[in-house]
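Residue numbers (this note's numbering), protein chains in the order written: chain C, 601 to 921; chain S, 601 to 921; chain D, 601 to 921; chain R, 601 to 921; chain H, 601 to 921; chain A, 601 to 921.
Yeah, the Cβ is synthetic: ideal placement off N, Cα and C, and Gly gets one too.
Report on one structure; see the data block that follows.
Given below as structure tokens:
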């Protein structure tokens, strides 16, 4: 089990432990010898690590692990310009039977991917409109594998493993509640809107199996998940024989869910369930960022400025539970 | 009981019926005689009405009724430049025992004022924090009389009798639901935020007993309900001995609930319950406007452009219940 | 042949002549008799016309003509509140063998629809990339009938019969010229971009056979021609087996051709031919509006303020040819 | 007396002299020994200073001095990466009888705090309206101690010791002059507006006795000096029995003095003296920043870009006195 | 002397009196006879007037008076659609020896043109820099005649006879006062900035001898008084042999005095006197509009919304002198 | 001939070669000896270079070369913090007969200055309007020497030697083509607009003979090339006796060619040739930046974000020639 974490390294100590290798590069030192410059990380942060005087064999081996491999290193902790640095003497890739838990390395949603998937499928089963139910079911089933680990963003809100499912689940719960208060809202459309609205993030951003995104896909760069989502519904509606009115309304929900032109929505919502969808989306993102911002703040203090919250600080009251 | 409504007048017909006199003015006709020019209304719209050759006694009498009196008129329906017009021969003020219902003349909230008041008081009673509970209780009790009829705006969203209570009640229900999904939210602060956020509208806008607002008060013009609300909490916190942290947080909720500087909030919310308060507020207003916009639209068609919805049209699907 | 035009009516004169009936409504006069209130128009403007004391037969007949019929009226010219008005005594619908030219009633592109269509097809034939050539050819052929009369907008720039073809042709000519100067540009992509960019206006706006648009289609309201165009290319690429890179680049051209988020483009162009497409589009529109604004202005004077040109006035020099 | 200033250190020289210790931190060197890393400053700038191989006693002693202590150091000047650095061998806290002047370390207003206070009180004594005079007098007297050293901002304009009084005095002089030109303006309201407008900066920002601000108070973060000022006047008006009209007008002056929503004023001024207040405020700030920007610039040259002046450069003419 | 004013006409009365003929048009009545449709005005407002059954001689005569002539009419007061209207039986142009005062018809500055001109020249004489003094003197003398009556705007602030001189004089007084407070400011540059900043309004807008502007000149439309002013200084500097630094600084003052790009200044002020110039200008305009807005408002009430004040209402306190 | 380029240095190698000395500074090392710190560059990039233990003679010599001298150095390649660095042992200034080509050091336009100048003069000769032809001819001839090397900007688009001529030539070619499509456009005005629009960049920005700009001139900072251009035309029109209408239209073209107030144009174009001028200008700049961004990008990939393209990435297709 992992015992040494980035945020509690002690200068001068030695250990063998597991880290996620976030990046590596080969450089030449002032002694004209090659060394390997790595960023190692775990859920508490990142640290620079060096394998000095690296042999070609060591370089080849490390490169073969690929991005975001979990590796075991033997290292001693030094200090450079006021920051910790690891001096690595040995390393090997982690094995299936090593004793570690992936959540020690990466940020994951607080709930299990399968459970969230099942929850959402349960709500979909309650949709009375058969066409909408089929749209949701087909989309969920076809994307099941990726949904298990996809983040909801390449960075910022919900940029965590299974973050997309977590975002969908919270919105879905809140959407159902809204239908109990605003009884004119049709829960079929609310549930469907939540299920489809960000589904094309799976094709807009790239992600490895730890939910870590290196950036955008070709189509994601060129079109974005909103235009991709409109196309996706158009194809699916043709395939499933959904009528024009419903298909266009679903596309409209995707098109408008960012609400403001400068955030990517060329039109604003034109029916109440589309309006709600936007507010479910933005509120879930805002609240996630706020909770994250104050998670490590002591009671009675403000967080640092948070970029995704327009540089607000967030306050944690003294009397918080 | 009222039988003749503005939106279904028939040219050439005569009747005796009740209308709300929305305005009156005395003018001189081309025959050099005075006549009374009135706007009469009911819940279906407004119509111009003339009492030709008006005597001083008639003028005095009508003026004595005051603004927004309900009057009974004997009138015949004529047409002028393509619009209906009433030619009034007799009028009198409505009496307590006349057989009419105020809701035939004015737009009222769909629920009874007392019931909504009691509902909100019931939720307040569930607040665990004693200080917050007292703040809410005192505010509700002191403003009870006005809350019974106050609209939530001088025009646009919730500009109807008891509209302010209706706005509060829907937000409060939705806020409680949100706490079930986002369990880090403290329902005490959510309920309190809803109760206080618009309370000073009572002192910002003017309203007669039918919830019809002629405009803004002096203080409302000069400060607005946000600054007024900050002052109100400051005084109340001093009176009730609320500590600085809670008082400032309550003032912050009021200060930030419009979210954007250009809508009157100089700061954005800095804790999650204040963030939620904004979204409860804006969503309730938007949904109200949307429902109103499509209420008279046939299925499969769009409403007119709605100013409060950034000139959007709202769509009513063909399959709506 | 038409001899009496709206902009040169003489009070007191009588005539028989043809007009486009832009709208009609039945009203009741102060004498309690019905009359028909029409807007008649030709290429020089609109005039109010009345058929007093209209019989039910006359009303039924006029209604049967439908919107935007060309009718022949016998009328005398009167004046009402400083404006001309026609007093109509007789009317009938225009017949195929009547001696008039549709261009006397409506604004049409300065070139013939078929000729412009053929010109564009000629340029398409020169596209070397077979896939792009097929995309263009199929789109043109399938939309041939509507292209003959469709305007490029429901109002403002190019809101004239065959205006869409005219807009395409001028952009296409200019685009080819640009490729001669900026030789890195690929003319295949420039031509294709021009052909596809506004094609879905045909499904966004409604139009009768005179190129007069009563407004937007259901899908046009909900999605707009940019999102519709992305869908259209997606379907067509599937049908024709166009590869992903090209299909996405075509969709990107449509998505970005309005350039600014507030004008409907959620992304900006990411390759040079897409960049050019935007400038071809906006310059053609601006120039059209400018030429129209000064067409009736005497040399040495400014036009009225033009809304589509951000309320600029346009100047016609004294030395203009 | 202080002789060695940060902007004129000579590499290789040694001295004993006084500096303001702006920050300190304990670090571990590459030799695994602790050292103290300080920022020392005087009115001419800041310099990095190191006490190598620091004992626990030395660390404890330095920490006991607290932030922004004035200390005497024995040091030699070295160079590191092109910048001067002090190598400190000894240090002690400054004593009351040491021969130095606080203005050698910090930026102070060009006038004495007491004198400016007296000047303002003199102007207040001339207010004819008894209620306004009392408001001003009470506010000045209650805040006398803090006014002596408070800056007008935590950084940027007037961020100097006694800067708030200096800002008030200049505005007040200019405001009185304005009343001589615009004779409809009531000097009572102009003087009062100046006195109250920024008074709550004392409770919005934090400051030590040298007028150096570490940031914002809790209430300052949550509400800001504008909302705090409205509350302050509300309480004071209640205490002093000021009538509603005047109290609301005073609150309005505070509420509107930043003029633009994005700078914190939800309303714009609604009477002339409030309008003037804004211009007095902004002009004094702008001019202060301009004068500061060119103070060290040679004639005929431009300053660096100034952030508070929207990144303008400021020009000093060649012929300046 | 004029006795009958537009704002106090009595239906049914008759009189002979003087009015400013603001516009006239010849129309054909329903009786096929021509009539003259005029707008007559005085300093209290405008009224529609008709000369029915006008002879060709009468039409010719009226047209010969030209725009904005002062005429004497014999008229009776009638009412049309709730508004007064004059029925004119006779008219003649006012003569030099008629007993009336031009200020009864048009809005004029509260001070005499010659006196204001002399005042400004007096201040110019005090400029110590000989080059600046010559610039100002030459500009004033060359524009003397037009300055006597030019308004400072074609509408809105200072749109009154001699309004430009009045604007300059108030700014100049205020500018001199500012130099007493901000002693680093050079009064030579402040006075010169005021004198030159709007001088080209004389060539930007058109004006008759009553200071009534029909709109913009050709050059004013195409360039605006800011660019015109830069050119004017450039020519004058060449003529007078002013050195480059001073000439460019003067041009910079003109270029930047509107401060914001959207109000016509492509750069912001880069030296203190240019900064002051902007605030002198904007404050004088704002205060003028505020005073005008409340001039007719009773104490304790708000004005109508004022467009030039961003739709603010202005408040007149109950205790105002 | 130059053989060693910055982008392909090999650690440990030695050579004698030519570089452009972009900057130099004298510093004191930790050994208390002086050394020279240089930035050397060629067309492939920049590299830090040190001449350690520099004698006063060496320092004086290097300083005498002036900015942006081409020097020959004997150097060995070392590495410092992961970057190459040159250790210089000898240096001398390049001589006229040295074997190198200036284009190896600096970025130059792809065409020869003289050829482009002649091309533009050839187009000017075709202008039929004699006055416009003289304006263009005089401007070109008087600025011939500077045009040979001036860049079109101090950084970003066309910041290369002879960049201004290149920008003019491409716009001119495109402008002529546009006149073939939009036949209402007058080529005389299009050509003239292109020639004059940026001519004052020669007096706005500074440049050495390699087209490298150290920044802005005094007049450039204070006025900018738009206001400078208006003045320049005004003077030239006086000198050449150009009539007011044409002179003002030329000034208007300069004034409006940036189109948006925030980019320096206080007015928008008011005639078609001025409208075109803006689009010629912006499109040429955009395309230049796009081509540059993708010049080094492999097919099928995106460039880095480009600041001058609003942080877009640019895509190079896989099928590009």
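Classify residue i: buried if its beta carbon has 16 or more other beta carbons within 10 angstroms, exposed otherwise.
i, result
"residue 863 of chain H", "exposed"
"residue 814 of chain R", "exposed"
"residue 708 of chain A", "buried"
"residue 699 of chain A", "exposed"
"residue 714 of chain S", "exposed"
Taking the CB atoms as reference points, tell me whether residue i and residue j lie closer together than 7 Å.
i, j, result
"residue 771 of chain H", "residue 880 of chain H", "yes"
"residue 876 of chain H", "residue 778 of chain H", "yes"
"residue 704 of chain R", "residue 643 of chain R", "yes"
"residue 854 of chain A", "residue 731 of chain A", "no"
"residue 620 of chain S", "residue 645 of chain S", "no"
"residue 747 of chain H", "residue 726 of chain H", "no"
"residue 816 of chain D", "residue 805 of chain D", "yes"
"residue 769 of chain A", "residue 719 of chain A", "yes"
"residue 749 of chain D", "residue 762 of chain D", "yes"
For a contact defined as C-beta to C-beta under 9 Å, what are the partners of residue i on chain H?
i, result
"residue 632 of chain S", "611, 612, 679"
Can you pull the chain S neighbours of residue i, defined as C-beta to C-beta under 7 Å?
i, result
"residue 753 of chain R", "Neighbours of residue 753 of chain R on chain S: none; closest Cβ ~17 Å, over 7 Å."
"residue 682 of chain H", "627"
Name the chain H residues whose beta carbon is nearer than 7 Å to that of residue i?
i, result
"residue 861 of chain A", "861, 862"
I'd like the span of the beta strand (DSSP E) that includes residue i, first residue to last.
i, result
"residue 821 of chain C", "Run containing residue 821 of chain C: none in the beta strand (DSSP E); it sits in the alpha helix (DSSP H), 818-822."
Please list the partners that residue i has in chain R, where partner means a Cβ-to-Cβ separation under 8 Å.
i, result
"residue 902 of chain C", "821"
Along the chain, where does the alpha helix (DSSP H) containing residue i start, and where does it finish?
i, result
"residue 802 of chain H", "801-804"
Give the interface partners of residue i over in chain H, defined as CB-CB distance under 8 Å, in chain order.
i, result
"residue 851 of chain A", "822, 823, 827, 831"
List the residues of chain C whose Cβ lies closer than 7 Å to the Cβ of residue i, in chain order.
i, result
"residue 628 of chain R", "611, 679"
Closer than 9 Å by beta-carbon distance: list the chain R residues that pair up with residue i, in chain order.
i, result
"residue 855 of chain S", "822, 823, 824, 827"
Kindly list, in the order they appear in chain S, the residues whose Cβ is closer than 8 Å to that of residue i.
i, result
"residue 913 of chain H", "821"
Could you say if the stretch 823-836 of chain C and the stretch 833-840 of chain D meet the contact criterion of at least three C-beta pairs nearer than 8 Å?
yes
Taking one C-beta from the stretch 865-876 of chain R and one from the stretch 911-921 of chain H each time, how about it: are there three or more such pairs within less than 8 Å?
yes
Are at least three pairs of beta-carbons, each pair with one atom in the stretch 669-684 of chain S and one in the stretch 625-634 of chain S, less than 8 Å apart?
no
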